[in-house]
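Accompanying notes for the structure given below.
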Amino acid sequence: MVHSACPPAIRPRDYTLGELGAFHAHIGPFLVLGYRIGRYVRDHFCDDPFSISARVCCPARSPERCMVDGIQVSSGCTLGKENIVVIDDPDVRAEFEAGGRLIVIRPRPFPRPVRDAHYRENLLRCAEDFFVLPDAELFDVSRYGRG
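First residue of the sequence shown: 3, per my numbering; consecutive thereafter.
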């Protein structure tokens, strides 16, 4: 889906895992989860970064808060444009509104890497898995409103 209001140079695109890591300074599962959520929203809900708003609910700490960066990169909702807000909430989810419609995406539970001698490599492996898993294995989607 391509929105004609966006010039080709700024139309949403897909990113590599390395590009996500360069933006966020490291690669982890919540960064990739946020990226995949935003990409799903862009591809299946609204691809106009000026017509959509996001509300990201998660604890006010890492690693969950890393989801926000992934969502910004892929959805086009950014802190700079003020069309994304972050709410401290233990119930992790992302809510997007556009044209009177609402979509709520909740990550599915997953085993967290254990903080041991292999933590960093296990974190990366989990993120790599999240990058390629089907959407239905990563999150649940609920839609509300017309359309």
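The C-beta atom is built at its ideal place from N, Cα and C for all residues, glycine as well.
Per DSSP, which residues does residue i bridge with? Please list them.
i	result
proline 109	Phe141
cysteine 59	Ile89, Arg95
tyrosine 146	Leu104
Please list, in chain order, all residues of the same chain as residue i whose beta carbon is under 6 angstroms from its beta carbon, the five residues on each side excluded.
i	result
glycine 147	Gly102, Arg103, Leu104
valine 88	Val58, Val70
serine 144	Val106
proline 65	Gly30, Phe32
Excluding the 5 residues preceding and the 5 following residue i in the sequence, name in chain order all residues of the same chain whose CB lies nearer than 7 angstroms to its CB.
i	result
glutamate 130	Leu19
phenylalanine 25	Asp71, Val75
Using the Cα positions of residue i and residue j, report the straight-line distance between them to the nearest angstrom.
i	j	result
threonine 80	isoleucine 86	6 angstroms
alanine 27	glutamate 97	25 angstroms
proline 111	glycine 82	30 angstroms
proline 113	aspartate 91	20 angstroms
leucine 125	proline 115	6 angstroms
Within 7 angstroms: the Cβ of residue i and any heavy atom of the ligand SAH?
i	result
proline 61	Among the ligands in the structure shown, none appear at all, so the ligand SAH cannot be discussed.
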